[in-house]
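What follows is one structure encoded as C-alpha cells, with my remarks underneath.
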Amino acid sequence: MLLGTTLVLLLLGGAGQASAHAALRGADPADGAVLKTAPRSITLTFTESVGLIDDTFRVFGPDNGRVETGEAQHADGRSDTARVTLPAKLGTGTFTVAWRVVSADSHPIAGAFTFSIGAPSPTLATVPSGPVEDPAVAGLHKLGRYLAYGAAALLIGTAAFVALCRPPDVRPLRGLLVAGWWTFTASTVLLLLLRAPYETGAGPAQALDPSGLTRTLSDRPGIALAARLLLLAAAGALLLRQRGRTRPTRATLVTGTALAVGLALTWAAAEHASAGIQVPAAMASSVLHLVAMAVWLGGLTALLTLLRHGSLPAAVAARFSRLATTSVTVLAVTGVYQAWRGLGTLDALTDTTYGRTLLAKLVAVGLLLLAGAWSRQWTGRLVRTEAEHADGTDRTDGTGGTDSKEAQVPEGEENEAMAGAKVKVVAGVGAPAKAGVAARTPADGPSLPGGPRSGDGPPLTPAEHAHRRALRRSVLAEVAVSVVVLGLTTVLTGTLPGRAQAEAATSEQSVGLPVASVTTVPFDMSAPGAPGARGTVQITLDPGRVGENSVQAVVYGPDGGFATVPELRMSFSLPGQDIGPLDARITDRGGYWAADAVNLPLPGTWEMSVTVRASEIDQVTETKSVRITR
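Here the sequence shown stands for residues 2 to 631, numbered as in this note's numbering.
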C-alpha cells in the first residue's frame with residue numbers, strides 16, 4: 002500500500018510547470034508590449050542558470066509563419082539568460098514567441114508570450130498549452146529517478162553497514178549489494194537515454210536517437226549521468242575484488258568512501274544544489290544529506306535482511322543503532338539548511354507546493370524516527386538479554402519482559418564492551434560456555450522463531466525470541482516508511498522551490514502563470530428554427546490586477562476564423578462590493594477591439610459582461626467571471 006501510494010505520487014505529481022525549478026523573471030520585449038520599431042533581439046531572464054537547446058526560441062509572425070532567427074545564446078555571458086537575434090525587417094503586427102530551456106537542476110521549462118510592432122494585430126499562431134514534457138517520458142523519468150535514489154541507498158547503505166557495523170556473516174548481504182549495483186546502473190542508463198526527449202518534449206522513441214545522446218553528453222546533466230556510470234563501474238570492480246572476503250581493507254574503505262561521495266556529487270552537480278544561492282555550501286550539504294540518507298535507509302534494509310536470516314548478533318545491531326543516530330543528526334542539520342534555502346520564508350511552507358511536499362516529508366521522517374526509537378529500545382534489550390544468556394543467567398520472566406533489575410538499566414545506553422564480550426563467548430573465542438550452553442559460531446548465528454537452525458547452536462530463550470521478533474517488526478516498519486520518504490524526496494526534487502516561486506511572482510512575468518488574464522466568451526444568437534450568428538470572443542485583460550488594465554478582444558466565427566461585428570461592448574461589475582457596471586469603452590482597432598486603460602480598483606471576482614451585435618436587430622449579452630488580483 003505504501004509503495005503504491007508513492008508510485009502514484011511519482012507518476013501524477015509535479016506535471017507541467019510544477020516540475021520545473023527555474024522561473025522566468027522577465028522578457029525584453031515584455032509580454033504584450035507595443036513597440037514603435039522592431040527589436041534587434043529577444044532576451045529572457047530567469048531566476049537561475051538555464052541550458053539552451055536547438056529549439057530554445059520559435060518566433061511566429063502575424064501570418065503564423067515562422068521567423069528565421071539566429072542561434073540562441075546567453076546574453077552578456079550570464080548563464081541565467083537566453084537571447085536570440087531577429088532579422089532586420091520584421092514588419093508590423095503581433096508576434097508570438099515560444100521558448101524552451103533547461104534549468105540548471107536538469108528540469109525543462111517552457112512558455113510563450115507576444116509583442117507587437119506598430120500596432121497589435123490578430124495572430125494565427127497557436128502554442129501548445131499542455132505539459133512541458135511528454136507524459137510517457139515524464140513518467141519514465143520520474144520512475145528512473147526514484148529507482149536511482151533507492152538503489153543508491155541500497156548500495157551505499159549496505160556497504161557502509163558491512164564496513165562499520167562488522168557483521169560476522171556477510172553472505173546474506175551480498176545479494177543486496179548486487180541488486181543495488183544493477184538497479185543503480187540500469188536506472189542511470191535509463192535516465193541518460195531519456196535526457197534528450199525529456200529536454201525537448203519529444204516522445205520515448207527519441208531516446209534511441211544517436212544525435213540526441215550526443216547532445217545530452219555535452220550538457221551538465223548528461224555529463225553528471227555519464228560520470229555516475231563511470232563511478233558505478235569502479236564500484237562494481239571494487240565489489241568483485243572484495244568478493245569472498247569478510248572484512249574490507251583500509252584501502253577498500255578509503256576507495257569506497259570516495260566512490261560514495263562521488264556518486265552523491267553527481268546529484269548535487271546537476272540538480273537543486275547547483276543553482277540558486279550559496280552553491281558551494283549547498284552542494285556540500287547535498288552530498289552529506291544524500292550519503293547520510295543512504296547509510297541510514299540502506300543500513301535498515303541490511304539490518305532487516307540479517308534479522309530474517311537469523312545471523313544478527315546484538316553487538317551488530319547496537320553498532321548500527323549508533324550509526325543511525327549519527328546519520329539522523331547529519332540529515333537534520335543539512336535538511337534544515339536545504340529547507341531554508343529552498344523555501345526562503347516560513348509562509349512558503351504552507352503557501353507553495355514545495356512547502357507542502359516538504360511538510361509531508363517531515364511527517365514521514367517523524368514516523369521514521371518514532372520507528373527508529375522503537376528499534377533502539379529493542380536493540381538495547383536484545384544486547385542485555387543475549388549477554389545474560391551467554392553468562393548462563395536469564396533474568397527474564399519468560400515472556401520477553403525483564404525483572405526490576407534489568408529495568409533499571411537506561412534504554413538506549415548499550416554497553417559495547419558487554420556486547421563484545423557476549424559475541425566472544427557465543428563464538429567460542431572467549432570464556433567457555435556455562436550451564437551447558439553450547440558455543441555458537443558466527444556463521445551459525447541465532448535462529449529466528451519458526452526458521453531453520455544453522456549448525457549446532459543452542460536454542461534461544463523465550464526472551465531472545467520475543468526481542469528479536471519485536472526488533473524485526475520495528476525495522477520492517479522503518480523500511481516501509483523509508484519507501485515513502487524516498488518517494489517524497491523524489492517528488493520534492495521535481496517541484497518549483499518556494500524561493501524561486503516567490504521571485505517569479507514579484508517579477509513582471511512568470512512561467513505558467515501568464516501576466517495577462519485571457520477569457521473566452523462563447524455567444525450564440527440562434528433562435529429555435531432560425532440559425533443566427535455564433536462564435537466566441539477572446540478577451541485579454543493585461544495585467545489582470547488591481548489598477549489600470551488594457552483590454553483586447555478578438556471575435557472568432559464558428560469555424561475558428563476571424564470574424565467582424567458592427568459593435569462590441571464590455572463592462573465590469575463587482576457585486577460583492579456593489580461596484581459597477583464600469584464601461585470598458587472598447588473601440589474597433591481594425592480587426593480587433595481594445596481599450597488602453599480600464600481601472601479595476603479592488604481585487605476579487607468581477608463579472609465581465611460582453612455584448613455582441615451582429616446586425617440592427619441581432620445581439621446577445623454574455624457574462625463571465627474574471628479574477629482580479631493585487
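For glycine and all other residues, C-beta sits at the position ideal for the given N, C-alpha and C.
Please read all numbers here as calculations on a predicted model, not as lab measurements.
Between LEU332 and MET294, the C-beta spacing is below 8 Å. By the criterion of a C-beta distance shorter than 6 Å, VAL519 is surrounded in its chain by THR541, once the five residues flanking it on both sides are discounted. Contact between the region 302-314 and the region 332-344 is not established, with fewer than three Cβ pairs separated by less than 8 Å.
The Cβ atoms of THR630 and PRO604 sit closer than 8 Å to each other.
Under the three-state reduction of DSSP, SER117 is assigned to strand. Looking at LYS625, LEU144, ILE54, ALA259, the one whose alpha-carbon comes closest to that of SER212 is ILE54.
Inclusion of ALA105 and SER50 in the CB contact set at 8 Å is warranted, their separation being smaller than that value. Counting C-beta pairs with one atom in each stretch, the region 176-186 and the region 151-163 have three or more that are closer than 8 Å, which means they touch. As a beta-bridge residue in DSSP terms, TYR557 pairs with THR537, PHE563.
In the DSSP assignment, THR622 falls outside any alpha helix (DSSP H) and lies within the beta strand (DSSP E) extending over 620-629. The straight-line gap separating the alpha-carbon atoms of PRO198 and ARG216 is approximately 11 Å. Taking a 10 Å sphere around the C-beta of GLU134, we find 16 or more other C-beta atoms and assign the residue as buried. From the listed residues VAL366, THR95, PRO567, the smallest Cα separation to GLY488 is found for VAL366. Proximity of the region 225-234 to the region 256-267 meets the contact definition, three or more beta-carbon pairs being nearer than 8 Å. DSSP places ALA271 outside both helix and strand once states are collapsed to three, so it counts as coil.
Residue environment analysis places PRO249 among the buried positions, since at least 16 neighbouring C-beta atoms fall within 10 angstroms of its C-beta. Where VAL85 is concerned, the enclosing beta strand (DSSP E) starts and stops at 82-86. By the criterion of a C-beta distance shorter than 6 Å, ARG546 is surrounded in its chain by THR630, once the five residues flanking it on both sides are discounted. Residue state for ILE54 is assigned as strand, using DSSP reduced to three classes. In the structure shown, ASP589 falls within a strand segment according to DSSP collapsed to helix, strand and coil. DSSP places ARG101 inside the beta strand (DSSP E), whose first and last residues are 94-104.
For ARG79, the closest alpha carbon among the candidates LEU45, ARG59, THR57, PHE96 is that of LEU45.
Shown here for VAL190: not one same chain residue has a beta carbon closer than 6 Å to its own, the five before and five after excluded. Looking from the CA of LEU195, the closest CA among GLY237, SER107, ALA76 belongs to SER107.
Nearest C-alpha to PHE47 among SER616, THR624, ALA24: ALA24. Note that the C-beta distance between SER42 and ARG84 is below 8 Å.
Minimum Cα-Cα distance from ARG26 among the listed residues VAL555, LEU363, ASP579, ASP81 corresponds to ASP81. Nearest C-alpha to LEU370 among PRO281, VAL476, ALA315: VAL476. Contact between LEU324 and LEU165 holds, since their C-beta atoms are separated by about 6 Å, short of 8 Å.
In this structure LEU304 touches PHE321 by the C-beta definition: roughly 6 Å separates them, less than 8 Å. The beta carbon of PRO30 sits closer than 8 Å to those of LEU36, PRO40, ILE43, PHE116, all from its chain and outside the five residues before and after it, given in chain order.
For VAL552 and PHE524, the gap between their C-alpha atoms comes out near 19 Å. Cβ-Cβ separation between GLY592 and PRO281: approximately 55 Å, too far for a contact (criterion under 8 Å). Between LEU240 and LEU141, the gap from beta carbon to beta carbon reaches 8 Å or more. In the displayed model, ALA235 falls within a helix according to three-state DSSP. Burial of GLY52 is indicated by the presence of at least 16 other C-beta atoms within 10 angstroms of its C-beta.
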